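Residue numbers (this note's numbering): 639 to 990.
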């Protein structure tokens with residue numbers, strides 16, 4: 639199955655989309671990129687009122703459908719306050735800790751389209767001035783943006799175009815190592831997005847006829863909880879969230895396999911569909927780990943909460959240091975790509 643994973647193309651595509659700023663609520667540019675990508679391939683799609691994209695491949699069975707989703711929205715921030723010292727106070731977009739962005743370069747995206755550079759720092763950064771700099775709590779009261787502009791007052795900041803409500807994106811620092819690691823912010827969930835786009839490309843270019851009509855849903859609000867819980871066709875029976883596997887103490891997931899989730903904070907995923915994924919991985923000798931994520935939710939679980947009558951499951955590449963400076967390995971992307979292909983070409987789960 640190596641022919642379903644195009645390593646160079648996948649990594650190049652991932653690098654492109656990771657470097658397009660797209661915090662939740664500010665995703666127009668990346669959705670435009672994805673729309674063009676699909677258009678260039680001759681793949682039809684629809685846009686939702688929320689700005690998501692749904693591409694559909696008609697299958698042999700057009701009565702029972704599948705849906706796979708990944709999200710392109712990322713963590714980010716917004717300007718909360720223009721401070722009297724010529725710096726900015728932030729409001730976070732998405733669930734992460736302040737220490738995860740301390741010291742990061744960023745861009746402020748003004749309403750006029752201008753991008754202004756800055757650095758996210760503690761107000762009390764200098765150890766030569768603040769004796770207890772390392773002990774001060776990292777929170778919205780102490781972390782601020784130092785702008786790379788000659789500004790000292792709120793009026794000077796407004797004069798260069800910055801206002802409350804402007805989005806702030808974090809530099810991804812995308813890097814691929816000789817040993818096969820991919821390091822970057824926002825691998826959650828742009829790694830899975832790249833894999834879904836590559837899968838669609840493979841299906842289109844090789845004229846693969848899928849057994850069931852299959853929808854590919856690229857959502858843009860997952861990090862704030864409601865990315866893929868609308869616009870689900872009523873014929874959808876199986877709903878797969880393609881999202882990261884979280885790595886840490888007590889977790890089975892790693893950076894070299896595809897992670898299949900049995901349960902997250904919303905509860906267990908559909909047992910039979912999850913076992914179907916495990917069986918496919920074992921049958922095709924795809925390296926996988928089965929795991930439970932205690933502080934995690936996905937677009938699939940959001941769809942269940944919204945009341946959709948679907949069988950839901952979750953799998954994706956293992957991501958180290960999620961919601962911070964993340965990392966995965968080519969092996970994990972490859973395993974996920976392989977499981978994606980064997981799943982979309984498999985028979986649906988049959989229940990007794």
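All residues carry an ideal CB built from backbone N, CA and C; glycine is no exception. None of these values were measured; they are calculated from a predicted model.
Beta-bridge analysis with DSSP links residue 742 to no other residue.
Secondary structure remark: continuous alpha helix (DSSP H) runs of at least 4 residues inside the region 882-928, in chain order: 909-921. Rounded to whole angstroms, the separation of the alpha carbons of residue 983 and residue 941 is 23 Å. Within a 10 Å sphere around the beta-carbon of residue 751 sit fewer than 16 other beta-carbons, which makes this residue exposed. Following the DSSP letters along the chain, one finds residue 808 inside the beta strand (DSSP E) bounded by residues 805-808. For residue 680, the secondary structure class from DSSP, reduced to helix, strand or coil, is coil.
In the structure shown, residue 801 falls within a coil segment according to DSSP collapsed to helix, strand and coil.
Burial check for residue 847: the Cβ neighbour count within 10 Å stays below 16, so the residue is exposed.
Following the DSSP letters along the chain, one finds residue 726 inside the beta strand (DSSP E) bounded by residues 726-731. With a 10 Å radius around the Cβ and a threshold of 16 neighbouring Cβ atoms, residue 804 comes out buried.
CA-to-CA, the gap between residue 760 and residue 789 works out to about 18 Å. Between the alpha carbons of residue 695 and residue 817 lies a gap of roughly 36 Å. The three-state secondary structure of residue 987, taken from DSSP, is coil. Residue 703 and residue 851 have their C-alpha atoms spaced approximately 5 Å apart.
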